[in-house]
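What follows is one structure encoded as structure tokens, with my remarks underneath.
Protein chains in written order, with the working numbering: chain S, 1 to 397; chain B, 1001 to 1397.
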């Protein structure tokens, strides 16, 4: 398969800073073969990019995709009521088939909105794997465990691992420091080592979590997980809302990637992660929507905008988290988070052809003074009009 | 003109709390004639509402619509650079014709996104009035003044007043306590009294503003404006980010409406207004997008979602600013803010037929457990598929 996306405005997300140019992109066998600024070659199949913006597909690095089933079902309630009275009772009844259905719905939403990769953490992840395989989204699937679901988890992990392919990675997901014993956390690390995969874990989402872990183990969640070797393998730490300087030093030293979920953190009143500080310290911070029960959508454009706005408010500085930085978080830094920094998240020869075409003709795009700013502050997921994952078209409007 | 919107899911926004029902709405001569829960009458013109949600049109109570011209032109810079180096130099060159063009663009964006009323504050407001008249949006037009533009303002006010009609109200807009002398503020009040109109003013947007006013006059901006009689007339106070208990008491006692602009306040790192506290004290709080230079769109759905999320974060309580409250702010309370509480902002017999039809078939609406939650947490402006202002269709997708 060889095709050219022609005459399009390109935001390449390369390292030379916020820039864009008119050009064309040649895709061959799922990979970006070449990027042209001037004349492009004659190719049989051409996609006209006039009036459109071409960007790398967005990378959602923390979600529970099947929680779409709980969308708008548990809003505006205190966190403990949300968990104990709404989410957990509902979740306890979910069958793998339910989870498959929820995943199909959530993946449809993501692909239609330009998200081409998701990092998913849930129960019965093999059911999600089936939905991923059928829809063609790129995914890192992370079977999750808590103490009383270890047996089920090990079965799920084995089954999910059987889905591994070019588009599907697997990771082990301990739920959190407070919901898994030290023994089970170590077991998770062992299994990840055995299968040569990384980890994905909730870290310091709430003040309560921080206090519980401190009281039990005399350490912060970051310090505690580190002491158990969780960060010795490639790890995505979701949330990291309540982290201190020492925590950030550990995360940096261990190359842990932080998945920032601003909308979920605001909606559950968990707090605001110190993202500007993390970036200053050189941590890799990517973006996630979290599940639809605490968001309530899987819209990475909304998430980018909120990350920028919340970052400025939290830092007390309108120059904090500029559009360029946030767009990196949703693309380049998301790719780094899943260990694919050298082949995903940019428009560059040799990179995977995970590409999205965005209609810039709506009034909210006018005038187009700065496409990078527009992508973060004005774009909507409904502007996405074509989506390719590894060169295969997965959505067209 | 008589037509029936049939077989639709209705969120009526009446005072009996968050509810919705399947029904039909009969519109006659620009007014809602009747709301039916069961059988509806036979009418020649029927709009099929299957799979759609019918809501009152959204009311944007603080914007500078022509600032669409500066969209994505001045992002991620400190406030003083934003104002002095970007916005003001650009604004100083704007002709009435430029402002007309910017207003046409912004009104197109608003109508397409389900905003049926805007409260606009700007220079050369008569140019905005022309765009309003041509497009058919409902508007409160507020010619603005600062000390060195008083002459121009008085001309503009007279001209804008000549546009007053069923859909167009006018108010006088002193820019702010720090940019207008006491003499000019009193002059503004006099002119508003003379023309029997209300006021619209920026209040306590930033910490700097608060300090400047305290240092100059020994009062908070709220206390100072009150001492000059600004709040003796019906007033919309935009922002009110930095207000104390005494300020809120004054605003409440004087029946001042607060226009909350969460996205602009976050983007410029101005702070977070204590909205939950204001609501507890019984203040009327409505929503605004502010101008597109600090947002960067005129999307009231985004603004609702951000208001809910920021309200929870600020209050440290996920139950603060529930969806229902926020939807009220964008409809019922917006109507109250412009003195139209008894005839705008609800779906109820006798109210103006400012109505929006919203497509609920997208994946981000599924499953539709709670339409009120969905409208605030999951809906997008691009879901709006038909818009009527005073019974006249102004947009259809």
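Quick reminder that beta carbons are idealized off the backbone N, C-alpha and C, glycines included.
Does residue i come within less than 8 Å of chain B when only Cβ atoms are used?
i, result
"residue 340 (chain S)", "no"
"residue 126 (chain S)", "no"
"residue 316 (chain S)", "yes"
"residue 257 (chain S)", "no"
"residue 408 (chain S)", "The structure shown does not extend to residue 408 (chain S), since chain S is modelled only from 1 through 397, so no value can be given for it."
"residue 369 (chain S)", "yes"
"residue 378 (chain S)", "yes"
"residue 329 (chain S)", "no"
"residue 112 (chain S)", "yes"
"residue 363 (chain S)", "yes"
"residue 161 (chain S)", "no"
"residue 323 (chain S)", "yes"
Closer than 8 Å, CB to CB, is residue i near chain S or not?
i, result
"residue 965 (chain B)", "One cannot answer for residue 965 (chain B) here, as it falls past the ends of chain B, which runs 1001 to 1397."
"residue 1092 (chain B)", "no"
"residue 1263 (chain B)", "yes"
"residue 1272 (chain B)", "yes"
"residue 1310 (chain B)", "yes"
"residue 1290 (chain B)", "no"
"residue 1179 (chain B)", "no"
"residue 1167 (chain B)", "no"
"residue 1373 (chain B)", "yes"
"residue 1013 (chain B)", "no"
"residue 1267 (chain B)", "yes"
Checking 8 Å against the spacing of the C-beta atoms, do residue i and residue j come in under that value?
i, j, result
"residue 1384 (chain B)", "residue 1324 (chain B)", "no"
"residue 1103 (chain B)", "residue 1126 (chain B)", "no"
"residue 258 (chain S)", "residue 237 (chain S)", "yes"
"residue 1072 (chain B)", "residue 1296 (chain B)", "yes"
"residue 204 (chain S)", "residue 175 (chain S)", "no"
"residue 60 (chain S)", "residue 342 (chain S)", "no"
"residue 1268 (chain B)", "residue 1088 (chain B)", "no"
"residue 1260 (chain B)", "residue 1243 (chain B)", "no"
"residue 332 (chain S)", "residue 356 (chain S)", "no"
"residue 403 (chain S)", "residue 143 (chain S)", "Nothing can be reported for residue 403 (chain S): it is not among the residues displayed for chain S, which extend from 1 to 397."
"residue 1354 (chain B)", "residue 1379 (chain B)", "no"
"residue 1031 (chain B)", "residue 1006 (chain B)", "no"
"residue 1119 (chain B)", "residue 1140 (chain B)", "yes"
"residue 364 (chain S)", "residue 1075 (chain B)", "no"
"residue 206 (chain S)", "residue 214 (chain S)", "no"
"residue 1223 (chain B)", "residue 1208 (chain B)", "no"
"residue 35 (chain S)", "residue 12 (chain S)", "yes"
Considering Cα atoms alone, identify which of the options is closest to residue i.
i, options, result
"residue 1292 (chain B)", "B:1065, B:1204, B:1343, B:1363", "B:1065"
"residue 428 (chain S)", "S:337, S:210, S:281, S:192", "The structure shown does not extend to residue 428 (chain S), since chain S is modelled only from 1 through 397, so no value can be given for it."
"residue 227 (chain S)", "S:186, S:263, S:243, S:197", "S:186"
"residue 417 (chain S)", "S:154, S:301, S:289", "This structure gives no information on residue 417 (chain S), because the portion of chain S shown stretches from 1 to 397."
"residue 168 (chain S)", "S:177, S:135, S:155, S:145", "S:135"
"residue 49 (chain S)", "S:312, S:3, S:74", "S:3"
"residue 1280 (chain B)", "B:1311, B:1304, B:1262, B:1266", "B:1311"
"residue 1345 (chain B)", "B:1107, B:1056, B:1212, B:1369", "B:1056"
"residue 1094 (chain B)", "B:1067, B:1114, B:1080, B:1105", "B:1067"
"residue 9 (chain S)", "S:21, S:265, S:306", "S:21"
"residue 1129 (chain B)", "B:1190, B:1170, B:1232", "B:1170"
"residue 78 (chain S)", "B:1366, B:1336, B:1322", "B:1322"
From what residue to what residue does the alpha helix (DSSP H) around residue i run?
i, result
"residue 82 (chain S)", "From DSSP, residue 82 (chain S) is part of no alpha helix (DSSP H); its letter is neither H nor E."
"residue 373 (chain S)", "371–377"
"residue 1347 (chain B)", "Looking at the DSSP string, residue 1347 (chain B) is not in any alpha helix (DSSP H), and its letter there is neither H nor E."
"residue 265 (chain S)", "262–267"
"residue 1311 (chain B)", "1300–1315"
"residue 1250 (chain B)", "1245–1253"
"residue 1090 (chain B)", "1088–1092"
Beta strand (DSSP E) containing residue i: first to last residue?
i, result
"residue 1388 (chain B)", "1384–1389"
"residue 1033 (chain B)", "1031–1036"
"residue 1237 (chain B)", "1235–1239"
"residue 122 (chain S)", "115–122"
"residue 1152 (chain B)", "That residue, residue 1152 (chain B), is in no beta strand (DSSP E); its alpha helix (DSSP H) goes 1150–1161."
"residue 1173 (chain B)", "1168–1174"
Practice task
Below 9 Å between beta carbons is the criterion; list the residues of the region 64–81 of chain S that meet it against any residue of chain B, in chain order.
Solution key: If the cut-off is 9 Å between Cβ atoms, the region 64–81 of chain S has 68, 69, 70, 71, 72, 73, 74, 75, 76, 77, 78, 79, 81 near chain B.
Next item on the list: Compile a chain-ordered list of the residues in the region 294–305 of chain S whose CB is closer than 8 Å to at least one CB of chain B.
Entry: Within the region 294–305 of chain S, the residues whose Cβ lies closer than 8 Å to some Cβ of chain B are 295, 296, 297, 298, 299, 302, 305, listed in chain order.
What are the residues in the region 97–110 of chain S lying within 7 Å of chain B by C-beta distance? Residues passing the 7 Å Cβ filter: 105, 108, 109.
Along the region 1051–1064 of chain B, what residues have a CB closer than 9 Å to any CB found in chain S?
Identification of residues in the region 1051–1064 of chain B having a C-beta nearer than 9 Å to some C-beta of chain S yields an empty set.
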